[in-house]
Every structure is written in structure tokens, then in C-alpha cells.
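As you go down the protein sequences, you meet chains V and E in turn. Its first residue numbered 1, the first sequence is counted upward by one per residue in the numbering used here. Its first residue numbered 1001, the second sequence is counted upward by one per residue in the numbering used here. Don't be surprised by glycine CBs; every beta carbon is placed ideally from N, CA and C.
2 protein chains.
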Amino acid sequence: MERIVIVEDDVFLREELQNILEKEGYSVECISSFDTPVKDIISASPSLILLDLNLPNLSGFDICRALKTKGIGPILVLTSRNQLSDELHALDLGADDYLTKPCHPKRLIARVQKLLHLYKNMHVLLDAGDFQIDELANILYVGKDSISLSENEGIIIKALVKASPSVVKKEELFHLLWGSSDYVDENILQVNMTRLRKTLDGVGLSNRIKTIRGVGYQLIGDDSL
Amino acid sequence: MERIVIVEDDVFLREELQNILEKEGYSVECISSFDTPVKDIISASPSLILLDLNLPNLSGFDICRALKTKGIGPILVLTSRNQLSDELHALDLGADDYLTKPCHPKRLIARVQKLLHLYKNMHVLLDAGDFQIDELANILYVGKDSISLSENEGIIIKALVKASPSVVKKEELFHLLWGSSDYVDENILQVNMTRLRKTLDGVGLSNRIKTIRGVGYQLIGDDSL
DNA sequence: ACTAACCTTACAACAACTGTAAGTGTTAAT
DNA sequence: ATTAACACTTACAGTTGTTGTAAGGTTAGT
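Now the structure itself:
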């Protein structure tokens, strides 16, 4: 069963929303104290967050930003702010949809259903700009192409993408790949880097890994060459 | 570069939309003859479809339904119909968003960007109800778990899910797996079914494949037992 | 009870992945 | 220019997962 978290300080509206959603069969949890809303939302393991913008302590915008940073979603903003600039700001921060009050229950339900269905039937990829990585499957998508990476290749490229544009130190890669940098021959990392570079070369992503001697490796863009 | 296909019969509006989107850097293609709109849209390989509802020949609803059937998307409906029932109908047919005319260009751009970004960084899963399958990666997601399938396991379960609740004939599986049912020993399918059942069993999806003797196999739900 | 259809299990071959080892190439400091 | 340090490349052998084959066991229909 999917759990919807309602983040709304107006008690009357909060209960009305809860009724509407529970009547549709959803499990609902309401955030009713606003000391640590982000933490409370995350603790509730939401399938979807229904978020107001005018809240005590922390604005809905800040909550939206914080949740997106942690990969928590989807977020449907339901607010009395009907200015276009507010909508654009919320969408930019990562809100998945933006509805204004008053909102017909049927529209709300339809939008909630749409987002729940979408997120359930999609798998998030790690975005590297001009390519994407399926973190679980170790598949790299570039343009219309895709290529399967080995376990080690996947671990390395993910670390490089997530750290980009920073350098990933050799020690960190040792740790990610082999649990420690003690008792590990440096040569195995070098062999793995060669293998990853060769794989990337095969899909047109040549020279995208830069060696920082004595430090580690860095993912670079096309335009750094 | 992402290509947006505009499906709008009003010439003035069509060109205005094209200008707005091209100014944002998108490649735009307009459907300007409405004899075979679905075929034309698909031929254009769209990253996103901007779809009007009031069209000659075939209504936008029908086009939406046809595109979703073929897995083409995302679809952003932009229409003068501002009745709630129209919105609900379109969303139900699979539209990803619904905007009414007149629409501020900034809102349109924000919504377009949101959908393009979402679909680029997500990978669509094949929905089987209580589990989902990543078709390219051959990964099965059930609840919070996931399991990697072998190539053959993936081919079989995908066929079963797509045909469900119908039976998939043995001949069809022979064809999908080995290109033909000629010169193929029946035992290899049986061994593969055993392996798939064993894999499903490992993630709690036991007894979900029913044998139809002399015919083929069928995916069944939890409640068919 | 009989038998065709199907399931299960074990084995061997193959491909991909991985770590090791050695030779080669590059870089930076002197 | 020299050379030590660092990094890259290549080949090999061992491991693992996948796959088809073969044989014994089970099931369902007559």
C-alpha cells in the first residue's frame, strides 16, 4: 500500500485531504508539528508528498529542496499561491506537480494517481549530463545506445559521476572496490581503469577519464579537451 | 538534441509554439497534415509530444491513447478545453500533463523541461501489477527487492507479462528464445521454465506460472491460487 | 494402468569477469 | 638528458554465471 504524506499546517484542510485520500484507499500520514519536517517526512517513507508552501518555521520551498537533495519524491505542491513565479520556482526546485487551492478532489486524485503510477513504473537513472547510468543494473545509456558494464566498471564510473567535477582519490576507489586500500596491489586499479576506458571508448565516450598523478581520477566533459 | 513534436491544427498557434520552443533550444517538428497523425508522430522520433485535443479527423484523445499503447511519450496536452472532465479523461488515457490555453510561455517551458528531464533520467519499467520488470536490464523489481534475471529468464517473463492474462504458446517462446520452433528440443524450454520458476520463488513470487499442457504457459496472479 | 507431456537435476562447454604478472609508456624532478 | 615514480596495456589463468544436453522423476489425461 502506498503511503502519502501530507504537509499542511491548516488542520481543517489537512483532515479534509486525509479523508479524500483515504477514501481512495491510500495510507495517509500527516505532518502536524513543524519542528523537524524534513526528518519527519523521510521517517514516514512516503510514496508521495503532498506539500503546502506556506508553513511555519521552514517554507515549502526549502522542504522541497531538501527532499529532492535526498532523492525523496515525488512531490506534489498544493498551495494557495497562484502566481506563476511561485509555480516556476517550485518546479525548478524539483516539485513534480503544482496545484493551486481550491482544488477539486477529482483533479487532486487524478494527479496523485498519475505521479504514483509514474514513479512506480520507472527506475531512476544517475544523470551524468550526456549519459545516464542505471545504478542497479550497471547499464550506461548514451544517446540511443546502451552498454552493460561489469560490476567493477559500474562502481568506478558511478563514483566518478557522483564526485564530478571533483577528483576521486585512488584510496576511495580501493575502498569502494575492495573494502580497503591495505594489502591491495595498485596494479588492479590500473587494469580496471584501462578496462573502463576501453568500454567507454566503445560507445563514443573517449578520453573522459583524466588521471591525476598520485591522487586519483576525474570525470571530464567533452569540452575539457 | 531533444525533438518536440507539435500536434496543433491552428497555424498561427502552431508557429508561435514553434518559436517559443526553438528559442529555448529545442528541435521542433510540426504535424501539419492530419491524415495519419499517429504514424507521422512516431516517424518523427519525438522526445516529447505537445498535443492539442481539438483536431481534424482524429481527436487528441484518440491520438493520446494510440501513442501510449505504443509506448510513445511523454505527452503534454495543451488545449482550450478547460473542463475538469476533459483533463481527467486525458490523464486517464496516459497524458503526462494537461495545460489549458491561453498558457504563459514560461509555464509551458517549465512543464516541458520537467517532463523531458524526468523521462531522460528515468527508465520505464514493464508493469506486471505486483512486480515490475526493467526490460533492457532484465531486472525484476518486487516491493523493495530486486533480482537480476538471465537473458532467457527475461525473455520468458516479459512475454508472459505482456500476454497476461492470455496464455503464451510454446511455439512463441521457442521463436522468441531460439528464433524458430524447428530443430529445437522441447527439453530446453522446460529447463528454462524450471529455472525461471526457481528465480521467481526466490523473491516470493511462487507458483505464478501456470502450465497449460500441450499449449504453453500463463502468468497468474496471487489470487488465482 | 498407461503414456505423453512436463519438471527437475546434474554435467559439460562457453563467455564474461577478475586478479596477477610483466612489459611498455609517460611524467616530473633533478 | 637521466631516471625514478607512476600509470597504462596486454596476456594468462582461475572463477562464476549461463546455457544446452541428457536422464530420471512427476503429473495429467485417457
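Within 8 Å of the CB of V/R107, the CB atoms of chain E belong to L1084, E1087, L1088, in sequence order along the chain. Taking 7 Å as the threshold, the shortest C-beta distance from V/K68 to chain E does not fall below it. Contact of V/D145 with chain E is not assigned, every C-beta pair being separated by 7 Å or more.
Within the same chain, Cβ atoms closer than 8 Å to the Cβ of E/S1180 are found at F1174, the five residues on either side in sequence being excluded. Residues of the same chain with a CB within less than 7 Å of the CB of E/T1211, apart from the 5 flanking positions on each side, are Y1217 in chain order. Taking a Cβ-Cβ cut-off of 7 Å, the neighbours of V/M122 in chain E comprise M1122, H1123, V1124, L1125, given in sequence order.
Residue nearest to V/K170 within the set V/E153, V/L189, V/R14, V/D201 is V/L189 (criterion: CA-CA distance). Taking the Cα of E/I1220 as reference, the smallest distance to any Cα among E/E1008, E/A1159, E/L1177, E/P1102 is reached at E/A1159. A distance below 6 Å between beta-carbons, with the five flanking residues on each side excluded, links V/E8 to the following residues of its chain, in chain order: R14, D52. Put simply, the CB of V/L116 is far from chain E, with every gap to its CB atoms at 7 Å or more. The segment 1092-1107 of chain E makes no contact with the segment 1124-1133 of chain E: fewer than 3 CB pairs, one atom from each, lie closer than 8 Å. Put simply, the segment 1018-1036 of chain E does not touch the segment 1082-1090 of chain E. Fewer than three CB pairs are less than 8 Å apart.
Taking a Cβ-Cβ cut-off of 7 Å, the neighbours of V/L91 in chain E comprise A1110, K1114, given in sequence order. In terms of beta-carbon proximity, V/D9 stays away from the interface with chain E, with every pair separated by 7 Å or more. A check of alpha carbon separations from E/G1143 across E/K1039, E/V1203, E/S1032, E/P1102 identifies E/V1203 as the nearest. At a cut-off of 7 Å between beta carbons, E/D1062 makes no contact with chain V.
DSSP places E/C1030 in the strand class (E or B) of the three-state scheme. Taking a C-beta distance under 7 Å as the contact criterion, V/S146 and V/I139 qualify as a contact pair. Under the Cβ criterion of 7 Å, E/H1175 is not counted among the residues facing chain V.
Against chain E, a Cβ distance below 7 Å from V/D134 picks out H1123, A1137. Across the structure, V/I133 and V/C103 are spaced so that their CA atoms are roughly 38 Å apart.
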